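Protein chains in written order, with the numbering used here: chain A, 1 to 420; chain B, 421 to 661.
Here is the structure we will look at.
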Amino acid sequence: MFDIDKWQEILSTIKKNKMRTFLTGFSVAWGIFMLMILLGSGNGLSNGVSENFTRDAINGMWLWSGKTSIPYQGMKEGREIKLTNDDYDIIKDIPGIDKTSGRYFIRGNMFSYGSEYGSYTAITCHPDLQEVESIDIVEGRFVNEIDIREARKSVVLGKDIYDALFKGKNAIGEYVRVNNIPFKVVGICKEGGGTRHRNAYIPVTTGQRVFNGSNRLHNFAVTVDAKTIEESQAIETAVREQVAQKHKFDATDESALGSYNKLEDVMQTMKIFQAIEIFIWIIGTGTLIAGVVGVSNIMLIVVKERTKEIGIRKAIGASPASVIGLILLESILITTVAGYIGLVLGTGLMEGINFFVEQQYAASAATNGGNGETIFRNPTVDLNVAVMATVLLVIAGTIAGYIPAKRAASIKPIEALRDE
Amino acid sequence: MISLSNVHKSYAMGSSKLHVLKGIDLHIAHGEFVSIMGSSGSGKSTLLNILGILDNYDEGTYHLNGKLIKNMSEKQAAQLRNEMLGFVFQSFNLISFKNAMENVALPLYYQGVNRKKRNKIALEYLDKMGLLPWANHLPSEMSGGQKQRVAIARSLISKPKIIFADEPTGALDSATSFEVMDILQDINKEGITLIIVTHEHDIAAMTQKIIRLHDGKIAEILENGELKDWKHQYKRELEIA
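Okay, here's the thing in C-alpha cells:
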C-alpha cells in the first residue's frame with residue numbers, strides 16, 4: 001500500500017490531468033461545503049431561539065378572570081368571575097405550583113419625581129413574580145414579604161423609568177409619586193429577556209389598599225413544577241378545577257378563567273425546531289446524495305476515458321490489481337483532499353459568521369445589560385458529522401471508481417486498446 | 421520458441437460467429453525476423469494478438485518458450501508480457517499525458533525498478549533511437565516516426581525475448597518506414613525475435629520469413645532466399661488482376 005513509487009506515479013498522473021482532478025475534487029468539496037453551511041445554519045437558528053426561550057422561566061403559567069360563557073348549575077352565562085386573595089391562598093397550595101403571584105390592576109399610571117414625570121405601568125405583585133417573570137435586580141431589592149404583610153408603599157422601578165425620572169441620580173430611598181401617591185423606591189430592575197423596562201412593581205396588598213381594591217385580584221402568575229407537557233397540563237387543569245369549584249363555573253370555560261401555559265408554547269416551538277432540524281437533515285442528505293452521484297459520475301467517465309491507457313499499461317505488463325489500485329488510490333487521494341478542503345472552507349465560513357454574530361450579540365448585550373438580541377447563535381457543525389460525510393463521499397467515489405475500473409482491468413488488453 | 425498447433429479463433433458478431441483463424445500451425449525459432457502478411461480480414465492481427473497474449477484463442481495449443489499458454493489469468497499474462505514480450509503498435513499507443521522518457525520507462529515501473537533508475541535507463545534507450553533531445557516532449561509534440569521510435573524504445577527497455585509489431589509502419593511515410601525497419605533489423609541482429617504484421621510487401625521483404633495468411637489459414641511460408649522469386653510472382657499476380 002505505501003509504496004513511494006506508486007504514489008509518485010499517482011501524483012504525476014494527477015498533476016498531468018488537472019481538469020479531471022479539479023472536477024472530481026470540486027464535486028466533493030462543494031458537497032461537503034454546502035452540507036456544512038446547511039447544518040451550521042440550522043444549528044445556529046436552533047441555538048439562537050432556544051437561548052431566547054431559556055432566558056424566561058419556561059415553566060410559567062398565567063391565569064386571568066373574565067365572564068362565564070357557559071351556563072353552570074342553573075346560572076346563566078355572562079356572569080363576572082371575581083378572583084380574590086382567597087384564590088391566591090388556594091392556588092398557592094395546589095401541588096405542583098411552585099411560585100405564585102397575584103396582581104390587582106390599578107388605574108392611572110402617572111409617575112413623577114421632582115419636575116420629571118412620565119406614564120408607565122405599575123404592576124402589583126407578590127415577591128414570587130420575580131422568579132416567574134425572570135426579573136433581574138439592578139440595584140436594591142424586589143418586593144418582599146414584609147412589604148406584602150405591612151402593605152408598605154414600596155416601589156421597584158424599571159430601568160427605563162429610573163433613567164427617565166432620576167437621570168442617573170441615586171433613587172433608592174427616594175420617593176416617587178404614582179398617581180400622586182408617594183412610594184419609596186426600594187429597587188431598580190430589568191425584565192428578563194426584554195429590551196424595554198417600563199414596568200414598576202409595587203406590593204399587591206399596597207395596591208389593593210391604596211387604590212380601593214379591597215381583596216380583589218385580577219390575575220395570577222405562577223410557575224409550574226413539571227417535567228413534561230402532560231404534567232404541566234395536569235397541573236393547569238387542577239388549578240382550573242379548584243378555582244371553578246369555588247366560583248361555580250365550568251372548569252373548561254376559557255372565558256371565565258383564561259390561562260396561558262408557557263411550557264406548552266415552548267414545547268410546541270421546540271417541535272417546530274425539531275421539524276426544521278429534520279428538514280435540514282433531509283436537504284443535507286439530498287446534498288450528500290447529489291455529491292455522491294456527482295463523484296460517481298465523474299469516476300465512471302474518468303475510467304471510461306482511461307480505458308485505452310489501461311490497455312496500454314496491461315500490454316506492457318501491468319496486472320489488473322495494479323491498474324485498479326492506481327485508479328482507486330488516485331480517486332481516494334483526490335476525494336479525501338477535496339473533502340478536507342470543503343470541510344475547512346465550510347467550517348471557516350461558519351466560524352466567520354459565528355464571529356460576526358457574536359460581535360453583534362455582544363454589541364446588543366452591551367446596550368442592554370447582558371441581554372443580547374439574536375435568533376442566530378453558534379452556527380457550527382458537529383465535527384463527527386462533517387467527517388462522516390466526507391468519509392461517505394470518499395467511499396462512494398471509491399465504489400463508483402472500483403466497478404468500472406475492475407471491468408476495464410479484467411477485459412483483454414486488446415479490447416481496451418481498441419477503445420478510442 | 422513459438423509453437424502453434426491447430427489454433428482456432430472466432431469472434432461473436434452479434435448473433436453470428438466470425439471464424440477468423442481456422443487452424444494455424446506455426447513454428448518460429450529464436451532470433452527469427454518474421455512478417456505476417458495477408459489481406460485485411462485474413463486474421464493476421466488476430467494471430468499477432470494471440471501470439472502476444474493480448475487475446476486468447478478457442479482451440480488448439482500455443483507454446484511460448486516451451487510453456488503452454490492457455491486460460492491464463494490476467495495477472496500471469498501481464499507478468500509474462502512484462503518479462504518476455506514487447507509491443508509496437510500501428511497507432512503507437514503511447515500514454516498521452518506522459519512524456520517520451522516516462523512512456524519508455526513505464527514497463528520498468530511494473531518490474532519494480534525505482535523512478536530514478538528507470539528514467540536513466542529510459543534515457544539510454546531514447547539515446548539509441550536518437551531521441552534524447554525529445555525526452556521531455558509529450559507524444560502530441562512529436563512526429564509519427566518519432567512516436568514509433570519511442571514506442572520501440574519502450575518495447576525494448578524490458579529486454580524482451582520477442583517483439584511484436586502490428587503494422588509498425590502503417591501510419592508512417594515510406595522514408596520513415598524504412599528508418600523504422602532499419603531499427604527493427606538492428607534489434608533483430610541483437611538476437612531478439614521479431615514478428616511483424618504488415619500488408620506492404622516491400623516491408624515484408626526486409627524480413628527473413630514471410631507467413632502469408634489467407635482466409636484464416638496459412639497460405640504459404642517463404643524463407644529469405646525465396647523472397648526475390650516471391651516478389652516477382654506477387655507482381656505477376658497484381659498484373660493479372
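From the three backbone atoms N, C-alpha and C, an ideal C-beta is built for every residue, glycine too.
Just so it is clear, the structure is predicted and the values come from calculations on it, not from any experiment.
Neighbours of Gln8(A) across chain B, judged by C-beta separation under 7 Å: Arg535.
The Cβ of Thr13(A) sits closer than 9 Å to at least one Cβ of chain B. Per DSSP, reduced to three states, the secondary structure at Gly352(A) is helical.
Residue pairing by DSSP places Ala221(A) opposite Trp62(A) and Ser101(A) in a beta bridge. Close CB contacts of His483(B) within its chain, under the 6 Å cut and outside five residues either way in sequence, are with Ser423 (chain order). Residue environment: His126(A) is assigned as buried (16 or more neighbouring CB atoms within 10 Å of its CB, all protein chains considered).
If only complete runs of 4 or more residues are kept, the segment 470-556 of chain B shows the alpha helix (DSSP H) at 494-504, 520-529 and 535-548, in order along the chain. About 5 Å separates the Cβ atoms of Ile135(A) and Cys189(A), confirming a contact at the 8 Å cut-off. Taking Arg407(A) as reference, the option from Ile324(A), Phe356(A) and Leu417(A) with the minimal CA-CA separation is Ile324(A). Setting aside the 5 residues that flank it on each side, Ile97(A) is surrounded in the same chain by Ile91, Val222, Thr223, Val224, Asp225, Ile235 and Val239, each with a C-beta closer than 8 Å to its C-beta; the list follows chain order.
Taking C-alpha positions only, Glu231(A) is separated from Phe211(A) by approximately 38 Å.
Three or more Cβ pairs closer than 8 Å define a contact, and the segment 174-182 of chain A falls short of that threshold against the segment 141-152 of chain A. Look at the segment 322-339 of chain A: the residues with a C-beta under 8 Å from a C-beta of chain B are Ser322. Contact annotation: in the segment 285-306 of chain A, no residue has its CB less than 7 Å from a CB in chain B. Here the segment 561-573 of chain B makes contact with the segment 519-534 of chain B; the two share three or more CB pairs at distances below 8 Å. The beta carbon of Ile316(A) falls within 9 Å of a beta carbon belonging to chain B, placing the residue at that interface.
Looking only at Tyr361(A), Glu133(A) and Thr21(A), the smallest Cα-Cα distance to Gly192(A) is reached by Glu133(A).
In this structure, DSSP gives Ser214(A) a state outside helix and strand, which the three-state scheme calls coil.
With fewer than 16 other Cβ atoms from the protein chains shown falling within 10 Å of its own Cβ, Gln359(A) counts as exposed. Shown in chain order are the members of the segment 383-412 of chain A whose Cβ falls below 7 Å from a Cβ of chain B: Ser410 and Lys412. Fewer than three Cβ pairs drawn from the segment 389-400 of chain A and the segment 551-562 of chain B lie within less than 8 Å of each other, which leaves the two stretches out of contact. Short of 8 Å from the beta carbon of Val600(B), and not among the five residues preceding or following it, lie these beta carbons of its own chain, in chain order: Gly565, Gln568, Arg569, Ile572, Pro588, Thr589 and Leu592. When DSSP states are grouped into helix, strand and coil, His619(B) belongs to the coil group. Interface criterion met: the Cβ of Gly311(A) is under 9 Å from a Cβ in chain B.
About 19 Å separates the Cβ atoms of Leu263(A) and Val243(A), ruling out a contact at the 8 Å cut-off.
Per DSSP, the continuous beta strand (DSSP E) segment holding Ile630(B) begins and ends at Lys629 to His634. Distance between Phe166(A) and Tyr113(A), taken at the CA atoms: about 7 Å.
With fewer than 16 other CB atoms across the displayed protein chains lying within 10 angstroms of its CB, Gly78(A) is exposed. At a beta-carbon threshold of 8 Å, none of the residues of chain A lie near Asp478(B); the nearest stands roughly 13 Å away. In the DSSP secondary-structure assignment, Met75(A) is bridged to Tyr72(A). A distance below 6 Å between beta-carbons, with the five flanking residues on each side excluded, links Leu446(B) to the following residues of its chain, in chain order: Leu424. For Lys581(B), the three-state secondary structure derived from DSSP is coil. For Ser46(A), no pairing in a beta bridge is given by DSSP.
Spatial neighbours of Val385(A) in its own chain (CB-CB distance under 8 Å, excluding positions within 5 residues in sequence) are listed in chain order as Leu39. Ranked by how close their Cα comes to the Cα of Ile582(B), the residues Ile444(B), Ala449(B), Tyr529(B) and Tyr431(B) have Ala449(B) in first place. Per DSSP, the continuous beta strand (DSSP E) segment holding Ala200(A) begins and ends at Asn199 to Pro203.
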